[in-house]
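Position one of the sequence shown corresponds to residue 4 (the working numbering), numbered consecutively onward. Yeah, the Cβ is synthetic: ideal placement off N, Cα and C, and Gly gets one too. What you are looking at is a predicted structure, and each value in this text was computed from that prediction instead of being measured.
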Amino acid sequence: MCKQTQLLNIPPGGGRLNLQLLRPPRQTEKVVVVMGATGTGKSKLSIDLATRFSGEIVNSDKIQVYEGLDIVTNKITEAEQRGVPHHLLGTINPNSNFMAANFTKSASNAIKSISSRKKLPIIVGGSNSYIEALIESENYECCFLWMDISIPVLDSFVSDRVDRMVMAGMVEEVRNIFDFTSDYSRGIKTAIGVPEFDRYFRMEAFLGEESRANLLREVIDEIKSNTRKLARRQLEKIDRLRNVKEWNLHRLDATDVFRKQGREADAAWERLVAGPSFGIVSRFLWNVGPERYRNVTAIRRAAAMEMAMAAVGH
């Protein structure tokens, strides 16, 4: 998981102890990480957390880092951001290849900047490879929140979301960047919703109205299918982080939120997601609130200090 402070190496047989080791360890940045498959409500939770705990958000979605295609990439709107600063959101050249190593460097710089201003860094996104690379290369104290929804409910929501994206202008947005030499292996053109339209834009001028409408429906269905497959791959990676790498993920089941509407959905969000997450983060930051988070790093530091002091006494 996050790098842990190593236990003190006490010399055997009463050897001399390096008293410098008794000094408090360098303070590491505390970060909150919001994870989950696409469409599970990560952005909404991140805004709630940022407004509650004076935080700023570092985007860890490998497609949303690129500039442009705001509908296709489902970027959070300015209104939805509610004044919360966002880093690495729509800032990278869309024709470049922004890899995990690039993200690690940029995100770590953003976290340092946020922490230096006494704000809470909140990492949010569905690209678990980005998150894993960052966490394993930096010495952070981490609180992981995992937004989860049952697969049938998520599948239905994803399909409805694609329909809303089409109504919002997704087809024209992709058309504006289409050319007959498009490379779908790099940059923003790897986004689901871009390569699927290639055959439509190549053929639409040669098709009648009915055939064109049928082909558009096929493309939209393909986008829905590929998005559902993406969600499953994301969940598989989360399972690996939990079960193989033994990351301590706090699961927040938002299934019932997505089954409801209006005030009932809002109430379910507060009860199942916002309320529990506030308690977990409060425990993480200040050691107050429900016993849902144990700071392993702090525990090991305390144990190391006790061992060192005992050795000095002897």
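- In this structure, the straight-line span from the alpha carbon of residue 282 to that of residue 273 is close to 12 Å.
- Taking a 10 Å sphere around the C-beta of residue 187, we find fewer than 16 other C-beta atoms and assign the residue as exposed.
- Ranking 84, 140, 173 and 70 by CA distance to the CA of residue 97 puts 70 first.
- For the 9 Å CB-CB criterion, residue 229 and residue 180 do not form a contact.
- A Cβ-Cβ contact shorter than 9 Å links residue 90 with residue 117.
- Rounded to the nearest angstrom, the gap between the Cα atoms of residue 161 and residue 243 is 23 Å.
- In the displayed model, residue 276 falls within a helix according to three-state DSSP.
- Under DSSP, residue 39 forms a beta bridge with 150.
- Residue state for residue 69 is assigned as strand, using DSSP reduced to three classes.
- Between the alpha carbons of residue 207 and residue 174 lies a distance of about 12 Å.
- Excluding the 5 residues flanking it on each side, residue 256 has same chain C-beta neighbours closer than 7 Å at 151 and 275, in chain order.
- Straight-line measurement puts the Cα of residue 223 at about 14 Å from the Cα of residue 214.
- Listed in chain order, the alpha helix (DSSP H) elements of length 4 or more contained wholly in the stretch 156-235 are 173-178 and 201-206.
- Rounded to whole angstroms, the gap between the alpha carbons of residue 131 and residue 219 is 31 Å.
- Among the bridge pairs identified by DSSP, residue 252 is matched with 147.
- Beyond the five residues adjoining it in sequence on each side, residue 78 comes within less than 7 Å, by CB distance, of 67, 92 and 93 in the same chain, given in chain order.
- In the three-state scheme derived from DSSP, where H, G and I count as helix and E and B as strand, residue 74 is classed as coil.
- Straight-line spacing of the CA atoms in residue 73 and residue 285 works out to 33 Å.
- The beta carbon of residue 185 sits closer than 7 Å to those of 192 and 201, all from its chain and outside the five residues before and after it, given in chain order.
- For the pair of segments examined, the stretch 44-58 was found not to touch the stretch 103-110: the number of CB pairs separated by less than 8 Å stays below three.
- Going by C-alpha positions, residue 265 is about 42 Å away from residue 140.
- In the assembly as shown, residue 57 is an exposed residue. Its beta-carbon has fewer than 16 other beta-carbons within 10 Å.
- With respect to the 9 Å criterion, residue 156 and residue 262 are classified as neighbours on the basis of their beta carbons.
- The three-state reading of DSSP puts residue 282 in helix, counting H, G and I together.
- DSSP places residue 92 outside any beta strand (DSSP E), giving it a letter other than H or E.
- Shown here, residue 260 sits in a helix according to DSSP, grouped into three states.
- In the DSSP assignment, residue 59 falls within the unbroken beta strand (DSSP E) covering 58-62.
- For residue 125, the enclosing beta strand (DSSP E) begins and ends at 123-127.
- Pairing residue 40 with residue 235 gives a Cβ-Cβ distance under 9 Å.
- In this model, residue 121 and residue 288 are separated by some 12 Å (Cα to Cα).
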